[in-house]
Structure formats: C-alpha cells, structure tokens
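Asks: Numbering-wise, our numbering comes out as the position in the sequence shown, counting from 1, plus 93.
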Amino acid sequence: AERMICMEEIIGYMATAVYLAGSGIEDLKKHSVPAWWLFQGMAAGMMWRMALLCSGKSDGKEFVMCFLPGACLLLIKRLSEAVGGGDGIAWIGICMFLGIKTGLIVLAITFGLAFFWSAMLVILKKAGRKSRIPFLTFSLAGFMIWTGSCLFVQQEILM
C-alpha cells in the first residue's frame with residue numbers, strides 16, 4: 094500500500110532542513126552554535142508539535158517522546174562531556190519537527206556517520222579519542238541521507 098506524504102510532514106521536513114542547515118554550517122565553521130538559534134529552533138519545534146496536537150494530528154505521548162532523544166544527549170553531556178549541550182537542545186527541536194519515529198531514524202544515521210568519521214580520523218591518526226567533531230553537521234548529513242532515500246523510494250513507487 095502506497096503511503097501519501099501529508100502537508101504537515103512536508104512542513105516539518107522543510108523546517109528541519111532550515112534549522113539543521115543553519116546549525117550544521119555554524120557547528121562546522123565555529124564548533125559551536127549560538128544559544129539563541131538552538132533555543133529558537135527548539136521553541137519553534139515545540140510550537141509545531143503543539144499545533145499538531147491541537148489539530149488532532151499528533152498526541153500527547155508523541156509530544157513527550159520527542160523530548161527523549163535530546164534529553165538523552167543532554168544526559169550524556171552531563172555524565173561524560175562526549176557531546177555538546179547544544180546537540181541535545183537541537184535534537185529536541187528536530188524531533189518535534191519530524192516526530193519521534195523519523196527523528197530516531199535520522200539520529201541513528203547521524204550516529205553511524207559520526208562514528209565512521211571519528212573511527213577514520215583515529216585510524217589515520219588525525220585525531221585522538223578526546224577530539225570533538227561537529228555533531229550537528231553530521232545531523233544535517235543524516236537528515237539529507239534520510240530525506241534523499243525517502244524521495245528515491247517514493248520515486249520508485251510512483252514509476
């Protein structure tokens with residue numbers, strides 16, 4: 094059965110693209126993202142999810158679950174400094190825009206890309222175990238891979 098993409102998904106994807114493009118490029122250039130940008134994106138994502146909730150196109154469980162990936166990243170930051178605090182804040186907004194299912198898929202792709210890149214840097218002796226990578230840049234790449242694969246599959250279904 095073919096699933097149609099609804100307008101709400103398209104808007105969520107577009108908002109995520111803008112948010113991640115700004116965050117990813119800034120993270121790559123400066124290894125930090127301004128707090129105002131992170132919180133603005135998170136607030137916009139929360140407002141988007143609330144609008145979906147009020148219109149009956151999302152539910153309270155989804156709203157709460159969208160906090161979990163970002164909250165886990167913030168917990169990892171608190172316990173080990175392995176990720177930056179901005180990553181957790183950004184991922185709350187990303188999951189609010191995309192929904193928990195798509196957000197977790199994109200986050201898994203992001204972790205895979207970041208792990209591969211980090212492993213290559215260590216193997217090539219270009220970085221050590223404590224080196225930092227721009228995680229939101231990998232989030233942008235993961236989102237682009239996911240979006241591209243969705244468009245490819247949709248194109249194949251339509252042919």
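Quick reminder that beta carbons are idealized off the backbone N, C-alpha and C, glycines included.
(1) Given this structure, state the Cα-to-Cα distance separating L244 from A108, to the nearest angstrom.
(2) Which parts of the stretch 174-222 are runs of the alpha helix (DSSP H), unbroken and 4 residues or longer, counting only runs that do not cross its ends?
(3) With a threshold of 8 Å on Cβ separation, who are the neighbours of G129 within its own chain once the five nearest residues in sequence on each side are excluded?
(4) Three or more beta-carbon pairs under 8 Å between the stretch 138-145 and the stretch 189-205, yes or no?
(5) When the distance is taken between beta carbons, is F231 closer than 8 Å to W210?
(6) Got a sec, what are the start and stop residues for the alpha helix (DSSP H) D334 sits in?
(7) Just to confirm my understanding: we take F160, look at its own chain, exclude 5 residues before and 5 after, and list those with CB closer than 7 Å. What are they?
(8) Starting from G149, follow the alpha helix (DSSP H) in both directions and report where the run begins and ends.
(9) Quick check on the DSSP output: the alpha helix (DSSP H) that includes V157 runs from which residue to which?
(10) Sort I182, R225, R171 by Cα distance to L131 and report the nearest one.
Replies: Once the coordinates are examined:
(1) Using only the alpha carbons, I get a separation of about 17 Å.
(2) With a minimum length of 4 residues, the unbroken runs of alpha helix (DSSP H) contained wholly in the stretch 174-222 fall at 178-191, 193-216.
(3) Note that residue 129 corresponds to Trp in the displayed sequence, not to Gly. No residues qualify anywhere along the chain.
(4) yes
(5) yes
(6) This structure cannot settle anything about residue 334, because the visible part of the chain is limited to 94 through 252.
(7) Cβ neighbours of F160 within its own chain (closer than 7 Å, five residues either side excluded): I185.
(8) No alpha helix (DSSP H) contains G149, which DSSP labels as neither H nor E.
(9) 153-158
(10) I182
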